[in-house]
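Trainee: Chains as they are written, first to last, in the working numbering: chain C, 361 to 569; chain H, 638 to 851. Even glycine gets a Cβ: it sits at the ideal position worked out from N, Cα and C.
1) If you follow the alpha helix (DSSP H) that residue 412 (chain C) is part of, which residue opens it and which one closes it?
2) According to a CB-to-CB cut-off of less than 9 Å, which residues of the stretch 545-560 of chain C neighbour chain H?
3) For residue 774 (chain H), is the classification buried or exposed, using 16 other Cβ atoms within 10 angstroms of its Cβ as the cut-off for buried?
4) From residue 459 (chain C) to residue 847 (chain H), what distance separates their C-alpha atoms?
5) For residue 657 (chain H), I'd like the list of residues in its chain whose CB is within less than 7 Å of its CB, leaving aside the five on either flank, ordered along the chain.
6) Which class does residue 542 (chain C) belong to by DSSP, given the choice of helix, strand or coil?
7) Interface residues of chain H around residue 473 (chain C) at Cβ under 9 Å?
8) Any chance the stretch 703-712 of chain H sits against the stretch 734-752 of chain H, with 3 or more Cβ pairs inside 8 Å?
9) What did DSSP end up calling residue 420 (chain C) once you bin it into helix, strand or coil?
10) Quick check on residue 550 (chain C): does DSSP put it in helix, strand or coil?
11) Please report the Cβ distance between residue 718 (chain H) and residue 695 (chain H), rounded to the nearest whole angstrom; I am assuming they are in contact, meaning their Cβ atoms lie under 8 Å.
12) Show which residues of chain C have a CB atom less than 8 Å away from the CB atom of residue 724 (chain H).
13) Alpha carbon to alpha carbon, how far is residue 715 (chain H) from residue 701 (chain H)? Give it in angstroms, no decimals.
14) Does residue 717 (chain H) have its Cβ less than 9 Å from a Cβ in chain C?
15) Step through the CB atoms of chain C and report whether any lies within less than 9 Å of the CB of residue 702 (chain H).
16) Could you name the residues of chain C that residue 721 (chain H) contacts, counting a contact when the two beta carbons are closer than 8 Å?
17) Mind the definition here: the stretch 790-810 of chain H touches the stretch 516-530 of chain C only if three or more C-beta pairs lie below 8 Å; say whether that holds.
18) I'd like to know whether the C-beta of residue 851 (chain H) is nearer than 9 Å to at least one C-beta of chain C.
19) Looking at residue 833 (chain H) and residue 673 (chain H), is the spacing between their C-beta atoms short of 9 Å?
20) Taking the C-alpha atoms as reference points, what is the distance between residue 472 (chain C) and residue 424 (chain C)?
21) Mapping the DSSP letters down to three states, classify residue 469 (chain C) as helix, strand or coil.
22) Are any of the Cβ atoms in chain C nearer than 9 Å to that of residue 639 (chain H)?
23) Are residue 769 (chain H) and residue 744 (chain H) close, meaning C-beta to C-beta below 9 Å?
24) Drop a sphere of 10 angstroms on the beta-carbon of residue 457 (chain C), count the other beta-carbons inside from all chains shown, and report buried for 16 or more, exposed for fewer.
25) Could you tell me the distance, in whole angstroms, from the CA atom of residue 494 (chain C) to the CA atom of residue 784 (chain H)?
26) Along chain C, in chain order, which residues have C-beta atoms closer than 8 Å to that of residue 804 (chain H)?
27) Could you work out which residue in C:410, C:422, C:438 is closest to residue 534 (chain C) when comparing CA atoms only?
28) Going along the chain, which residues of the stretch 826-851 of chain H sit with their C-beta nearer than 8 Å to a C-beta in chain C?
29) Residue 825 (chain H): which of C:541, C:547, C:553, C:559 sits nearest, CA to CA?
30) Please report how far the alpha carbon of residue 547 (chain C) lies from the alpha carbon of residue 541 (chain C), in whole angstroms.
31) Can you find a C-beta in chain H that's less than 9 Å from the C-beta of residue 480 (chain C)?
32) Identify the contact partners of residue 520 (chain C) in chain B, using a Cβ-Cβ distance below 8 Å as the criterion.
33) Between residue 813 (chain H) and chain C, is there a C-beta pair that is closer than 9 Å?
34) Taking contact to mean 3 or more Cβ pairs, one atom from each stretch, closer than 8 Å, check whether the stretch 436-452 of chain C and the stretch 488-502 of chain C are in contact.
35) Using only the alpha-carbon positions, how far apart do residue 485 (chain C) and residue 556 (chain C) sit?
36) Assuming contact is defined by CB atoms lying nearer than 9 Å, are residue 509 (chain C) and residue 531 (chain C) in contact in what I supplied?
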């Protein structure tokens with residue numbers, strides 16, 4: 361274990377690049393929190409950061425799964441309202457869809473920021489490393505997809521807010537599939553591999569995993 | 638030889654409760670499927686509720702933010718913002734019945750790790766009780782607020798620009814806090830008590846994760 365976990369009182373935090381230290385979640389330019397066991401150089405500034413708790417986090421609970429509420433719910437509901445609006449001929453719903461899409465797009469960038477920090481502290485083991493890599497890659501891609509869809513939707517809405525091209529509905533279908541895959545991968549990291557849960561963090565710190 | 642307390646032999650003859658029978662045939666996470674459903678429906682309940690109230694708030698404060706939207710060249714109507722507030726809340730109320738139902742099913746099958754106290758000092762049974770009762774209470778409040786919101790939209794404030802009462806928005810903001818606490822209890826059931834988490838349950842059963850979860 362190159363970055364062996366130690367009890368929180370012995371830990372210190374440094375900021376570094378995840379790529380240098382570990383093979384998982386290697387995102388160019390993404391700065392993450394990494395721990396070092398023995399830190400001979402005193403770094404008074406880093407002591408300002410909260411120490412890692414029994415979830416291996418500098419804060420109480422994982423924040424990423426909370427922020428993704430606003431990506432998942434808004435991305436799915438925007439497609440649902442588009443579908444109902446088209447089938448039931450209720451163009452008023454297109455406006456509701458537009459705003460939900462805007463919220464999903466804004467939220468995904470916040471989700472990525474917290475996702476990267478928490479992924480850097482996740483210490484994935486076994487197949488979880490691969491799942492985390494894929495989850496990160498799809499997460500960044502989803503940000504691009506949502507941004508493009510929002511821009512496209514802005515143009516559609518500017519021209520005629522009461523009409524929605526079938527092509528946009530199709531793109532919405534693809535968005536839902538992508539979100540579903542991404543949610544499944546995130547679910548596996550928590551519900552199968554238990555990353556950031558107390559028992560797994562304990563086991564990793566004890567060198568059992 | 639039947640006495641007041643059943644003998645060990647008699648206890649063997651007693652049928653298991655339906656939940657015990659079900660739980661015995663399930664996977665290491667204690668569920669008949671790999672990933673729990675309740676936490677995924679929670680995304681919709683919380684996301685839709687928070688955005689519904691936020692957009693109604695934006696609609697209520699519309700005169701203040703009009704210039705910002707104009708500066709951003711983003712065409713917007715007050716009624717459009719209130720539409721988001723109404724339809725998102727309606728969707729939230731509908732899906733939350735399933736959130737609570739899935740939560741109860743998965744709580745009946747929960748096997749919290751014994752001897753654990755949460756970071757706020759509660760045991761697993763207390764945490765589950767608060768989370769279970771709180772979930773039903775929140776569902777009731779969401780449904781009541783949806784009815785309230787409907788009356789404001791279609792009757793009381795139909796002809797007014799600001800479609801919601803300040804008291805409605807305040808109730809929504811209070812519920813943000815309640816949902817935040819409630820969600821923390823739910824998160825602790827997973828991340829601290831290991832409920833329905835395969836790795837945590839395997840560790841509690843003494844398995845080696847290097848072999849059990851390669």
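Mentor: If we stick to the structure as given:
1) The residue given as residue 412 (chain C) occupies position 52 in the first chain. No residue range can be given for residue 412 (chain C), since it is assigned to no alpha helix (DSSP H) and is classified by DSSP as neither H nor E.
2) Cβ contacts with chain H come from 547, 548, 550, 551, 552, 553, 554, 555, 556, 557, 558, 559, 560.
3) Taking the second chain and counting its residues from 1, the one referred to as residue 774 (chain H) is at position 137. Note on residue 774 (chain H): under 16 other CB atoms within 10 angstroms of its CB, so exposed under the neighbour-count rule.
4) Mapped onto the first chain, residue 459 (chain C) falls at position 99. Mapped onto the second chain, residue 847 (chain H) falls at position 210. Going from the Cα of residue 459 (chain C) to the Cα of residue 847 (chain H) covers about 46 Å.
5) Mapped onto the second chain, residue 657 (chain H) falls at position 20. Scanning its chain for C-beta atoms nearer than 7 Å, with the 5 sequence neighbours on each side dropped, one finds no residue around residue 657 (chain H).
6) Numbered from its first residue, the first chain carries residue 542 (chain C) at position 182. It is helical.
7) Residue numbering aside, residue 473 (chain C) sits at position 113 when the first chain is read from its first letter. Ordered by position in chain H, no residue passes the 9 Å Cβ test against residue 473 (chain C), which lies about 18 Å from the chain.
8) Two segments are said to touch when three or more pairs of C-beta atoms, one from each, lie closer than 8 Å; by this definition the stretch 703-712 of chain H does not touch the stretch 734-752 of chain H.
9) Indexing the first chain from 1 puts residue 420 (chain C) at position 60. Coil.
10) For the purposes of this step, residue 550 (chain C) is taken as residue 190 along the first chain, with counting starting at 1. Note: residue 550 (chain C) maps to helix in three-state DSSP.
11) As a working mapping, residue 718 (chain H) is identified with position 81 in the second chain. As a working mapping, residue 695 (chain H) is identified with position 58 in the second chain. Residue 718 (chain H) to residue 695 (chain H), Cβ: 5 Å. Contact.
12) Taking the first residue of the second chain as 1, we reach residue 724 (chain H) at position 87. Chain-ordered, the chain C residues with CB closer than 8 Å to the CB of residue 724 (chain H) read 441, 453, 456.
13) If you number the second chain from 1, residue 701 (chain H) lands on position 64. If you number the second chain from 1, residue 715 (chain H) lands on position 78. Rounded to whole angstroms, the separation of the alpha carbons of residue 715 (chain H) and residue 701 (chain H) is 12 Å.
14) The sequence position of residue 717 (chain H) within the second chain is 80, counting from 1. Under the Cβ criterion of 9 Å, residue 717 (chain H) is counted among the residues facing chain C.
15) In the second chain, the residue the question calls residue 702 (chain H) occupies position 65. Not closer than 9 Å to any Cβ of chain C, the Cβ of residue 702 (chain H) fails to qualify, so no.
16) For the purposes of this step, residue 721 (chain H) is taken as residue 84 along the second chain, with counting starting at 1. Residues of chain C passing the Cβ test: 455, 456, 459, 460.
17) Contact between the stretch 790-810 of chain H and the stretch 516-530 of chain C is absent: fewer than three C-beta pairs spanning the two stretches fall below 8 Å.
18) Here residue 851 (chain H) corresponds to residue number 214 of the second chain, with the count starting at 1. Yes, residue 851 (chain H) lies at the interface with chain C (some Cβ there is under 9 Å from its Cβ).
19) On the second chain, residue 673 (chain H) is found 36 positions in, with the first residue counted as 1. On the second chain, residue 833 (chain H) is found 196 positions in, with the first residue counted as 1. Judged by beta-carbon spacing, residue 833 (chain H) lies within the 9 Å limit of residue 673 (chain H), meaning their Cβ atoms are closer than that value.
20) Mapped onto the first chain, residue 472 (chain C) falls at position 112. Mapped onto the first chain, residue 424 (chain C) falls at position 64. One C-alpha to the other measures close to 8 Å.
21) Taking the first chain and counting its residues from 1, the one referred to as residue 469 (chain C) is at position 109. Residue 469 (chain C): helix per DSSP, three-state reduction.
22) Counting from 1 along the second chain, the entry for residue 639 (chain H) is found at position 2. For residue 639 (chain H), the predicted model reports a pLDDT of 46, less than 50, meaning its position is unreliable and no value from the coordinates is stated.
23) Numbered from its first residue, the second chain carries residue 769 (chain H) at position 132. Numbered from its first residue, the second chain carries residue 744 (chain H) at position 107. The answer is yes: Cβ separation under 9 Å.
24) Position 97 of the first chain, counted from the start, is the residue given in the question as residue 457 (chain C). Its Cβ being crowded by 16 or more others within 10 Å, residue 457 (chain C) is buried.
25) The count along the first chain starts at 1 and reaches residue 494 (chain C) at position 134. The count along the second chain starts at 1 and reaches residue 784 (chain H) at position 147. Counting only the Cα atoms, residue 784 (chain H) lies some 43 Å from residue 494 (chain C).
26) On the second chain, residue 804 (chain H) is found 167 positions in, with the first residue counted as 1. Those do not exist, as residue 804 (chain H) stays about 24 Å from chain C at its closest Cβ, beyond 8 Å.
27) Within the first chain, numbered from 1, the residue matching residue 534 (chain C) stands at position 174. Nearest option by C-alpha distance: C:438.
28) Cβ contacts with chain C come from 827, 828, 829, 831, 833, 834, 835, 836, 837, 840, 841, 845, 846, 847, 850, 851.
29) Here residue 825 (chain H) refers to the residue found at position 188 when the second chain is read from its first residue. Answer by Cα proximity: C:559.
30) Translated into positions along the first chain, residue 547 (chain C) becomes position 187. Translated into positions along the first chain, residue 541 (chain C) becomes position 181. Straight-line Cα distance between these residues: approximately 10 Å.
31) Here residue 480 (chain C) is taken as the residue at index 120 of the first chain, counted from 1. The Cβ of residue 480 (chain C) sits no closer than 9 Å to any Cβ of chain H.
32) The structure shown contains no chain B; its protein chains are C and H.
33) Position 176 of the second chain, counting from 1, holds the residue named residue 813 (chain H). Closer than 9 Å to the CB of residue 813 (chain H) there is not a single CB belonging to chain C.
34) As far as the Cβ criterion goes, the stretch 436-452 of chain C does not touch the stretch 488-502 of chain C, which means the pair count is below three.
35) Stepping through the first chain from its first residue, residue 485 (chain C) is reached at position 125. Stepping through the first chain from its first residue, residue 556 (chain C) is reached at position 196. The alpha-carbon separation between residue 485 (chain C) and residue 556 (chain C) amounts to approximately 12 Å.
36) Taking the first chain and counting its residues from 1, the one referred to as residue 509 (chain C) is at position 149. Taking the first chain and counting its residues from 1, the one referred to as residue 531 (chain C) is at position 171. It is a contact, given that the beta carbons lie within the stated cut-off.
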